[in-house]
Structures are given as C-alpha cells and as structure tokens.
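Line by line, the protein sequences are chains Y and S.
Numbers 1 to 405, taken from full-length UniProt numbering, label the letters of the first sequence in order.
Numbers 1 to 405, taken from full-length UniProt numbering, label the letters of the second sequence in order.
Right, one structure below, let's go through it.
2 protein chains.
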Amino acid sequence: MPVGLGPLPTLHPVPGFRLGIACAGIKRAGRKDVVVMEAAEGARMAGVFTRNAFCAAPVTLCKQHLPSGPRYLLVNTGNANAGTGKPGMEAALRTCEALAGLTGVEPVRVLPFSTGVIGELLPADKIIAVLPQALADLAEGNWAQAAEGIMTTDTLPKGASRQISLGGRTVTVTGISKGAGMIRPNMATMLGYVATDARVTQPVLQHMLRQAADLSFNRITIDGDTSTNDSCILIATGQAQMDEINDLTSPEYAQLARAVNEVMLELAQAIVRDGEGATKFVTVRVNGGANRDECLDVAYAVAHSPLIKTALFASDPNWGRILAAVGYAGVPDLDVERIDVYLDDVCITRNGGRAPEYTEEQGARVMAQEEITIRIELGRGNVSETIWTTDLSHEYVRINAEYRT
Amino acid sequence: MPVGLGPLPTLHPVPGFRLGIACAGIKRAGRKDVVVMEAAEGARMAGVFTRNAFCAAPVTLCKQHLPSGPRYLLVNTGNANAGTGKPGMEAALRTCEALAGLTGVEPVRVLPFSTGVIGELLPADKIIAVLPQALADLAEGNWAQAAEGIMTTDTLPKGASRQISLGGRTVTVTGISKGAGMIRPNMATMLGYVATDARVTQPVLQHMLRQAADLSFNRITIDGDTSTNDSCILIATGQAQMDEINDLTSPEYAQLARAVNEVMLELAQAIVRDGEGATKFVTVRVNGGANRDECLDVAYAVAHSPLIKTALFASDPNWGRILAAVGYAGVPDLDVERIDVYLDDVCITRNGGRAPEYTEEQGARVMAQEEITIRIELGRGNVSETIWTTDLSHEYVRINAEYRT
Numbered sequence: 001m002p003v004g005l006g007p008l009p010t011l012h013p014v015p016g017f018r019l020g021i022a023c024a025g026i027k028r029a030g031r032k033d034v035v036v037m038e039a040a041e042g043a044r045m046a047g048v049f050t051r052n053a054f055c056a057a058p059v060t061l062c063k064q065h066l067p068s069g070p071r072y073l074l075v076n077t078g079n080a081n082a083g084t085g086k087p088g089m090e091a092a093l094r095t096c097e098a099l100a101g102l103t104g105v106e107p108v109r110v111l112p113f114s115t116g117v118i119g120e121l122l123p124a125d126k127i128i129a130v131l132p133q134a135l136a137d138l139a140e141g142n143w144a145q146a147a148e149g150i151m152t153t154d155t156l157p158k159g160a161s162r163q164i165s166l167g168g169r170t171v172t173v174t175g176i177s178k179g180a181g182m183i184r185p186n187m188a189t190m191l192g193y194v195a196t197d198a199r200v201t202q203p204v205l206q207h208m209l210r211q212a213a214d215l216s217f218n219r220i221t222i223d224g225d226t227s228t229n230d231s232c233i234l235i236a237t238g239q240a241q242m243d244e245i246n247d248l249t250s251p252e253y254a255q256l257a258r259a260v261n262e263v264m265l266e267l268a269q270a271i272v273r274d275g276e277g278a279t280k281f282v283t284v285r286v287n288g289g290a291n292r293d294e295c296l297d298v299a300y301a302v303a304h305s306p307l308i309k310t311a312l313f314a315s316d317p318n319w320g321r322i323l324a325a326v327g328y329a330g331v332p333d334l335d336v337e338r339i340d341v342y343l344d345d346v347c348i349t350r351n352g353g354r355a356p357e358y359t360e361e362q363g364a365r366v367m368a369q370e371e372i373t374i375r376i377e378l379g380r381g382n383v384s385e386t387i388w389t390t391d392l393s394h395e396y397v398r399i400n401a402e403y404r405t
Numbered sequence: 001m002p003v004g005l006g007p008l009p010t011l012h013p014v015p016g017f018r019l020g021i022a023c024a025g026i027k028r029a030g031r032k033d034v035v036v037m038e039a040a041e042g043a044r045m046a047g048v049f050t051r052n053a054f055c056a057a058p059v060t061l062c063k064q065h066l067p068s069g070p071r072y073l074l075v076n077t078g079n080a081n082a083g084t085g086k087p088g089m090e091a092a093l094r095t096c097e098a099l100a101g102l103t104g105v106e107p108v109r110v111l112p113f114s115t116g117v118i119g120e121l122l123p124a125d126k127i128i129a130v131l132p133q134a135l136a137d138l139a140e141g142n143w144a145q146a147a148e149g150i151m152t153t154d155t156l157p158k159g160a161s162r163q164i165s166l167g168g169r170t171v172t173v174t175g176i177s178k179g180a181g182m183i184r185p186n187m188a189t190m191l192g193y194v195a196t197d198a199r200v201t202q203p204v205l206q207h208m209l210r211q212a213a214d215l216s217f218n219r220i221t222i223d224g225d226t227s228t229n230d231s232c233i234l235i236a237t238g239q240a241q242m243d244e245i246n247d248l249t250s251p252e253y254a255q256l257a258r259a260v261n262e263v264m265l266e267l268a269q270a271i272v273r274d275g276e277g278a279t280k281f282v283t284v285r286v287n288g289g290a291n292r293d294e295c296l297d298v299a300y301a302v303a304h305s306p307l308i309k310t311a312l313f314a315s316d317p318n319w320g321r322i323l324a325a326v327g328y329a330g331v332p333d334l335d336v337e338r339i340d341v342y343l344d345d346v347c348i349t350r351n352g353g354r355a356p357e358y359t360e361e362q363g364a365r366v367m368a369q370e371e372i373t374i375r376i377e378l379g380r381g382n383v384s385e386t387i388w389t390t391d392l393s394h395e396y397v398r399i400n401a402e403y404r405t
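Here you go:
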C-alpha cells in the first residue's frame, strides 16, 4: 500500500507536447506498455542518466542521441534491455529507426527508454508493431494514461503539475515518473519525464535539470540498489509566448526552476511512497554537518540500515540502531557527545545518549505514524541534507523473492 | 535455521585458560548470560574492536585496560551497554571493580564485554551478584558452556579448535564467537574469544590477531550494520613449553598464525551460517581486481544488495541484479565488457552479457543449493578478495521487527 499517495492530481497539458499509449503485450496481453512522446519542432531537451557502469542499451543510445535535438521519446516497460550486449543495442536502435521512419525524422532524434527485467533481449518486433497505434493516440491530454503506461511494480501512477505566471503569461510544468524497486538513483530515477512550454536554451535547461535531480531523484532510496536504467528527461517545448530564458541569474530562471524542482520532488517522493512493500514514508534530515558528503553519508547509512528499516516497519522506536548507523557512517573524528537525534519533534538522544526526558511512549507515538522524520543534529557545522526512504517489510521480501515467477 | 552449522566440534581445553558461567537473569531468569574467563598470570592478550564511532562503554574500557596486562574477561549478554553515556561507563567500571575485588587484581586487569539491546543501562548489580557463582565454576573444560553463555539471537553456539605441533610440542588454539545480526564487523565481530597456550610476545600477538581478523571477521556481513560492540580478543597463556615467538618471520609464527586464522575463519563463518533468518551461506569472490579496495567494494555491493539477497532467498538466478550491483559499486572506469560472473561453476555472464551457453536450468540448479559461491571476474588485475554473507528472508524481517517485543 503506497504511503500518502492518492489518485493522480490534475496534470495540466503542456502545449507542444503530446503522448500516445499502446499495448504491445511485452509481459501480458492488454497491458499498456509502450508510450510515445512527441515534442514540437524547436523544443529543447535535457537528460540525466544512471551512473551505473552497467547502463542499459537505451541509456547508451539516449546519451548519444541527446545532442541531436530529439523530438520523440519511446518508452517500453516489461523489459529493461540491460545486460544484453550488442544484440540489445541493435534491438533498441531498430525501435528508434522504426519510429523515425513513421514520423519522418532522423533516428538520432528518437530517445529510447526501457524498464523491467534485466538480461532479456528486447522484443523489438512487438514494440515496432504497435508504433502506429501509439502515434495515432498522440494527444496533449494523455499524461495520466502515459503515467500508467510506464509502470512496472508500481502500484499507482505518479504525476505532478504546476502552473506559474512568467512575465504575465501562464507556463505549465507537468511530469510523470515510475519506479518502486532498485531505487537509489545516482543521476535520476528509473524513469522521469517533465515537460514545460517555457522557452529555455538547452544549456540552461540542462543546468536546471541537474540541480532539480540533485534535490529530488538523487535524494531518494528504497533499497540502495542503483538501477541500470535510471533516466530523467526535461523537455521545454518553447510554445509559451515569452523571451527565451538564457541566464541562470534571471528572475524567470528562478521562478521556472522552482516549479520544476517542486514537480520533480513530488515525483521522486511519489516513488518512495510507492516503494516496494512500503508501509512508512521516512524523511531523514541531517543538520549541522561540516560538508555535504558527511551529511549524505550519515543520511544514507540510516536510510539503508536493514535494522532501522525493520524497526520502522515494526513501529519500534529502537533509537540504538539509529545511533549505531550514525556511528558507522564513516564521518571522520565524529564527536558522539555532540549528537542529538529526533523523531519528529521528540528528542530521543541528546549528547550521544538517551535524552533524560525521553519516554518510550513518546517514541512509540511518532513511530506509529505513517510519515516520520528522523532528524540528526551533528553539531559540526552548518550544512544540511535531506533524503527520503521507506521501511523494510515482509512485503518487500515477498515482492522481490517472487519478481520473476 | 543455520546453514551447514551443526553441533559444536570438540573444543580442546587451553592450558592456563579457564571459563565460568552464571545466570544473572538479565533478560530472562535461568538463562546463561554471564561468562567470566581467566588467563594465567603472564598470559598476553591482543584485541581488536569496532570502528563504530558510537562504541559501547565496555569497548572504551577494553581499549583503556588492554595495555595493563588483563587477566579476566567479563562478558554479559542481554544488554549492550551502548548509547548509555556516563552512567554506562560507570556501570561497566563497577562490574570490573567487583570482579577485581573478588580475584585480587587491579580493576584495569579486567576487560568488560556486553552484547544485547542498545540504549538500556547495564544492570550492574545483577551481574555483580553472580560473579562468585561464575568464579566457582571456572574450569578449562567449559568452552562449550561459555559459547552458549555469550549467545543473543544466535540459534546455535559457535566454536572452533585446532591442535598443532610446534617444535615437537602440541599447542592448542580454541575459540568461541557469537553474533547473528548487526553484523558487518569493521575490526572484529560482535564477540570473539580465541585462546592458545603458545608463548607469544604481545606485539606479535596483536599483529597475528589483526591479520586473522582482516581475513575472517572483517570479511563477513549479514546486514551491513556495523555494531557498537564488536570485540575480538586473542589470548596466549604461554603455558606450552616452547620458546617465545617474537619474530613475524619465524616458521613457528607462520604455523601458529595459520591455526589462529583457521579457527577465526571458522568462527566468523559460523556467525554467517547462523545469520538472522539465513537460509543460504553465500561466498562472494571477486577476482582480477586492480587493488584490494575495488575488490571489496564490488563484493560488499553484491553482499548488501537487498535485491540480490531476496533473489538468493527465492533461489532465483536473477543475474541481472548481480550485474547491476557490480555496476554501481563505484569502481572507476569499469569496463563492463571484461566482466564474467559465475554461480559456482556455471558461467552466467561473459563479457558483460548473458553467457551464450547459459541456461536458466543451470543457474536454478546452483541457486537451489544451501551454499553458493558468486564469483566475479573483473579482468583488471591480479587481486582477489572473498567475503561471506547470507540471503534476506521473511524470517530476517520478522526477527528484527520483533526484537524488542
């Protein structure tokens, strides 16, 4: 059961960006598993991709094609086309060529994306066969259907949308994402697509995406497993009547970046809320660090500890496990006597030991909630970092022990 | 159910080393939970301890007392005396003082050890009350009872023993260990005690212990959680009639070190075999690395991946998850096309992709075994490293979600 994640919010159409969905029968007949997205001529795209050395064939192609001004995105679920070697590259390229042939663009202007089981060859023919159907379906109002069409073990589709006023004109930022397992993005999430009709130069768009990804998709973890297929694309169709944003210091950049950040954070958090087997949505905030790396080391040590994750599942305020994880996070010369730990507003440890006023009832009250913030005060400096994660439940084990069966 | 771990083997007594057991009722009445060990006057001791910054009060005291030529070890289970601040230090010291008073030694010649729940104050009075009982029980033949007396969530006691001939005389090396969760030692395991009657100088003994720990306790992981209490002690009573070993290059050093290594490796592997919820005993071997660190980074990425661990639980040869973990292990400039992965003797991926001759049946046959070796060939150099781990089962979640209830 996803934690605090309901039906999709309103996803405002983005002028100049259309989506079409089809059923190729990759894993099961009748399931939406192919999505084509089309950006108007002149749109800019920026992308961030997994840093996993075993990146999937489509990720390799995306990186090659991105500089060519892509117009089409082609997504399939049910098969990740990762660990498939040269035949995998050829299969991905064939799907790009097929879509390019149908739309009259060069194959390098198609970006391919795959998600699903690793190590099986992409059924390119099945995908190619339904491309006409997906193209016939293209419409600006299809965001919700596309959000559904990119799901794998997700239990709910994920989307977010904002409208802002830029120079008196309404500009839209809408995005969708998918992912529930193998989630510890190191660049981006499994798949995320965010489009806006703002006019932005490509280098500025890439900068905006990088910054937003670092504060959203790159700050979530479910199981610590960085995927082979993580990809996040930001598209600016440029259909809004406005001056092109080409300056990182302009007020328009700040306004648009804020909306993009908000959409991407909502999409990233939706992935955590729908994490495999998740029963809790956990914010881990580390304050008072000397630098960013040590804050993140502590936050991820806490977020990845199976002992803390099972205690969260059990609603057990087992703060000793939190202290232990902070202690092994590898922070140099850590003075444990300066460390305070809070569960929401409840101080559980002060100066490295149990807070004198703390009672087990207070801790139990917070841990019983579906949404919990673990806050660690390091007392070493002024840097803060926040990440989001889930608990470790029986359901997580069941899902991943049965994934291929 | 422990994997491939049966009843205790014969544990040969070590001349000059006695063990006594008592029931203090720390967690439950009638359970063996206090162990006193006594080394003959003139014995040498070496120790390695957790690198967790939040090390427990007894670990801090051990480090302070070790240079004073300890004669007594005092172990309690049921309470880790970690995260307990100054009152915890005082409680640990009081137990040392009480044992010192009863035996007529200085308190600095007592090493205290605690294991169990973190964050609760040590019930020093209960421990002190049973010290006379433990002392009355002291005997060289009590290794098996002591192995039982230091257990927490362990399902079986753990011990190993070797006898070797050094210069025509029989010398014994016997040890016990405990631990089943919060296991990713970074110096030593939760608790390990190994004694020999060999005569060895203290610096040589410390060197021998450090090397043996690095090849045994520091090469196992169950959940990646480095404990606050890891401690491993090597005692040489010097009762054997032999020249003192004071030279790291002597054949006697090599012979004794080999026996110590064997005992410690057996003890460390016993901890993995009895890992919380373990249904598999998994060896992860990385060959062909350019250096030790990258071999260990790859090995631990594989051993800590919840996705691989759940696939092991399910006996699912999901090799894509192994490739993904190798890919995110952080090895610089990893050329994935040089990487081969084996399950035991079965090559599952070659040159970064599925091996052409591999069949799912071959993988399933290996994965169905209780003991599995995952071997990764990096093709970058000549360095190899091996670690041992377990799977992630429903039982692991159940044990750790219910630990304090």
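C-beta atoms are modelled at their ideal positions from N, C-alpha and C, and glycine is treated no differently.
Query                                                                                                                 : Result
Close Cβ partners of A22 of chain Y (< 6 Å) along its chain, the five nearest in sequence each way excluded           : V34, V130, Q133 and A134
Sufficient close CB pairs (3 or more, under 8 Å) joining the region 77-91 of chain S to the region 264-275 of chain S : no
Assumed close pair G277 of chain Y, V383 of chain Y - CB separation to whole angstroms, cut-off 8 Å                   : Not a contact, Cβ separation roughly 32 Å.
Cβ neighbours of E371 of chain S in the same chain (closer than 8 Å, five flanking residues each side left out)       : V3, G4, K280, F281, V282 and T283
Simplified DSSP state of R18 of chain S, which is helix, strand or coil                                               : strand
Buried versus exposed call for A188 of chain S [16 or more other C-beta atoms within 10 Å across all chains shown]    : Because A188 of chain S sits at a pLDDT of 45, beneath the cut-off of 50, its placement in the model cannot be relied upon, and the following sentence gives the value as read from the coordinates. Per the 10 Å Cβ criterion, buried.
G181 of chain S: CB within 7 Å of a non-hydrogen atom of the ligand GDP                                               : No copy of the ligand GDP occurs in the structure displayed, which carries no ligand at all.
As assigned by DSSP and simplified to three states, the class of I222 of chain Y                                      : coil
Residue from S:L343, S:I235, S:G330 and S:L93 whose Cα sits closest to the Cα of G320 of chain S                      : S:L343
Short-range partners of chain S found in the region 41-70 of chain Y, where Cβ spacing is below 9 Å                   : T50, R51, N52, A53, F54 and C55
T115 of chain Y and N229 of chain Y closer than 8 Å at C-beta                                                         : yes
Segment limits, beta strand (DSSP E) that includes E371 of chain Y                                                    : E371 to E377
Residue-chain proximity (residue 406 of chain S, chain Y), Cβ-Cβ < 8 Å                                                : Only positions 1 to 405 of chain S appear in the structure, and residue 406 of chain S is not among them; the question remains open.
Where T237 of chain S falls: helix, strand or coil (DSSP)                                                             : coil
Beta-carbon gap between A144 of chain Y and L8 of chain Y smaller than 8 Å                                            : yes
Whole-angstrom distance between A56 of chain S and M89 of chain S, CA atom to CA atom                                 : 9 Å
Selected residue, minimal CA-CA separation from A29 of chain Y, among Y:A236, Y:G119, Y:T77 and Y:R365                : Y:T77
Cβ of P112 of chain Y within 8 Å of any chain S Cβ                                                                    : no
According to DSSP, residues forming a beta bridge with A46 of chain Y                                                 : Y:L234
CA-to-CA distance, I271 of chain Y to residue 411 of chain Y, given in whole angstroms                                : Not covered by the structure: residue 411 of chain Y. The range shown for chain Y is 1 to 405.
Exposed unless 16 or more other CB atoms sit within 10 angstroms - verdict on L248 of chain S                         : exposed
A91 of chain Y versus Y:R31, Y:G69, Y:L61 and Y:E395, residue with shortest Cα-Cα distance                            : Y:L61
Beta-ladder partner(s) of M37 of chain Y, from DSSP                                                                   : Y:L19 and Y:L73
Distance CB(Y300 of chain Y)-CB(T226 of chain S) smaller than 8 Å                                                     : no
For E385 of chain Y: DSSP bridge partner residues                                                                     : Y:V286
Cβ of I372 of chain Y within 8 Å of any chain S Cβ                                                                    : no
Contacts that T155 of chain S makes with chain Y (C-beta to C-beta distance below 9 Å)                                : Per Cβ cutoff of 9 Å: no residues; T155 of chain S is ~18 Å from chain Y at best.
Uninterrupted alpha helix (DSSP H) stretches inside the region 63-144 of chain S (no shorter than 4 residues)         : 85-103, 124-129 and 131-136
Three-state class that DSSP yields for A188 of chain S in the structure shown                                         : Summary for A188 of chain S: the model assigns pLDDT 45, below 50, so the residue's position carries little reliability, and this model does not support an answer.
Residues sharing a beta bridge with C55 of chain Y, DSSP                                                              : Answer is none; C55 of chain Y lacks a bridge partner.
Short-range partners of chain Y found in the region 215-243 of chain S, where Cβ spacing is below 8 Å                 : D223, G224, D225, T226, S227 and T228
Residue-level contact to chain Y via CB, Y300 of chain S, 8 Å cutoff                                                  : no
Sequence-distant residues of its chain with Cβ nearer than 6 Å to V286 of chain Y (five each side left out)           : C295, V298, A299, I376 and E385
Which of helix, strand or coil DSSP assigns to V3 of chain S                                                          : coil
Spatial distance of R338 of chain S from N351 of chain S (CA atoms)                                                   : 5 Å
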